[in-house]
Amino acid sequence: MYVGDGWALTRASSYSACVVAAARGPAQRGVIHSVFPAAANITFPGDFVLSLNAVTSPCMPNGLQLSALPGTFPFAALRAGMPVLFGAQRLLIEAVDCSLDLSTCTQWDPHIERPAQLDMEIVAKNRDWLLAWLPVPQTGNQVHNVRSMAQYLCGRGVGLTPTGDDILAGWMAANWLLYGPSACLLEACQQIVTVAKQQTHLLSQCWLSYAATGDVATPIKALLDALTKEDDAQLAASIEAVLSMGATSGRDLIQGIVLGLVGQTIHNENLIHRHST
27 MYVGDGWALT
37 RASSYSACVV
47 AAARGPAQRG
57 VIHSVFPAAA
67 NITFPGDFVL
77 SLNAVTSPCM
87 PNGLQLSALP
97 GTFPFAALRA
107 GMPVLFGAQR
117 LLIEAVDCSL
127 DLSTCTQWDP
137 HIERPAQLDM
147 EIVAKNRDWL
157 LAWLPVPQTG
167 NQVHNVRSMA
177 QYLCGRGVGL
187 TPTGDDILAG
197 WMAANWLLYG
207 PSACLLEACQ
217 QIVTVAKQQT
227 HLLSQCWLSY
237 AATGDVATPI
247 KALLDALTKE
257 DDAQLAASIE
267 AVLSMGATSG
277 RDLIQGIVLG
287 LVGQTIHNEN
297 LIHRHST
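So the working numbering is basically just the index in the sequence shown, starting at one, shifted up by 26.
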């Protein structure tokens, strides 16, 4: 059992709309998959993954936000393999004497909303500004098939979520902004998810599945929103927020967003190996 008084000050503050049903439904047993200073991932039957996050961490599409700071309880006390109960408006981790009431949590919506009146001239201007600020390597080595792109990128590169997976998530997010839930996009996203189940690990599969349904972390949603507006300050701030996501994930996500905005399916060695050297 964890010894200390930090647990008494820890509370659950908010969670994603994507986990409402699980939070309010019957309690289910899971296990801690992985732990970091500001986050922990908890897996449950049926491939459900709950992302437990510190107050300063990005709000994930499958996230539960705590009042705790990075490196404090409960993150400092958690270990992979610990059993967890989640549901009936409570999160219980008995091994560290952590019981959190979810009944007063607020919610956030991780879903990408395509504006009813999307001004493509503004999007194109902001895309070009973003591309000039963060160049995406171009070699002309392209494929025009989503499945081939996914097979090439998925699971490749460095990081908790490999570079290729982050690029694919960004690509899907950009296309949700441009087209919304069109039949063609839904089919393309499903192809990526199918490949992910064969080529990458559980956490990436989870996050790619959310991106495929248009659900993303709040910094990504904010960046997409900024791309639709004529506000350079908002755009710059949202870029910085995405870049702060992980060691390489933010930059990789932005590369995927740019590729989606320029209408390309890229099969490009530089996108992977520039992070592996």
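Glycine residues also receive a C-beta, built at the ideal position from the N, C-alpha and C atoms.
Practice task
Would you kindly check if the distance between the Cβ of Ile-280 and the Cβ of Leu-160 is under 8 Å?
Solution key: Residue mapping note: residue 160 aligns to position 134 of the sequence shown, counting from 1. Residue mapping note: residue 280 aligns to position 254 of the sequence shown, counting from 1. In this structure, Ile-280 lies closer than 8 Å to Leu-160 by Cβ.
Practice task
Please work out which residues of its chain come closer than 6 Å, Cβ to Cβ, to Ala-243, disregarding the five sequence neighbours upstream and downstream, and give them in chain order.
Solution key: Numbered from its first residue, the sequence shown carries residue 243 at position 217. So the qualifying residues of the chain are Pro-84, Met-86.
Handout entry: Secondary structure, alpha helix (DSSP H): runs of 4+ residues fully inside the segment 262-291
Key = 275-287
Handout entry: Chain-order list of residues whose beta-carbon lies under 7 Å from that of Gly-32 (same chain, five-residue window excluded)
Key = The sequence position of residue 32 within the sequence shown is 6, counting from 1. For Gly-32, the pLDDT reaches just 49, beneath the cut-off of 50, and the residue's location in the model is therefore unreliable, although a value from the coordinates is still provided. Excluding positions up to five away in sequence, the list reads Thr-98, Phe-99.
Exercise for the section: Keeping to the same chain, check which residues put their C-beta closer than 8 Å to that of Ala-43; ignore five residues upstream and five downstream. Expected result: Your numbering for residue 43 matches position 17 in the sequence shown. Gln-133, Trp-134, Asp-135, Pro-136, His-137.
Practice task
Please confirm if the segment 227-244 is in contact with the segment 60-73, defined as three or more CB-CB distances below 8 Å between the two stretches.
Solution key: yes
Problem - Simplified DSSP assignment, three categories, for Ile-58 - result: As a first step, residue 58 is located in the sequence shown; it is residue number 32 there, counting from the start. Ile-58: strand per DSSP, three-state reduction.
Practice task
For Ala-65, collect the residues of the same chain with a Cβ closer than 6 Å to its Cβ; drop the 5 residues on either side in sequence, then sort them by chain order.
Solution key: Start at 1 with the first residue of the sequence shown, and residue 65 comes out as number 39. Excluding residues within five positions, the ones whose Cβ falls inside 6 Å are Asn-79, Ser-83.
Exercise for the section: Using the Cα positions of Lys-255 and Val-149, report the straight-line distance between them to the nearest angstrom. Expected result: Sequence index remark: in the sequence shown, residue 255 carries index 229 (1-based). Sequence index remark: in the sequence shown, residue 149 carries index 123 (1-based). Their Cα atoms are separated by approximately 8 Å.
Problem - Spatial neighbours of Ala-200 in its chain, beta-carbon cut-off 8 Å, leaving aside the 5 residues before and after - result: Locating residue 200 in the sequence shown gives position 174, where the first residue counts as 1. So the list reads Leu-250, Gly-282, Ile-283, Val-284, Leu-285, Gly-286, Leu-287, once near-sequence residues are dropped.
Practice task
Flag this pair as yes or no: are the beta carbons of Ala-9 and Leu-111 separated by less than 8 Å?
Solution key: Absent from the model: residue 9. The displayed extent of the chain is 27 to 303, so no value can be given.
Exercise for the section: Go ahead and pull the three-state DSSP assignment for Ser-42. Expected result: Walking along the sequence shown from the start, residue 42 turns up at place 16. Of the three classes helix, strand and coil, the one that applies to Ser-42 here is strand, per DSSP.
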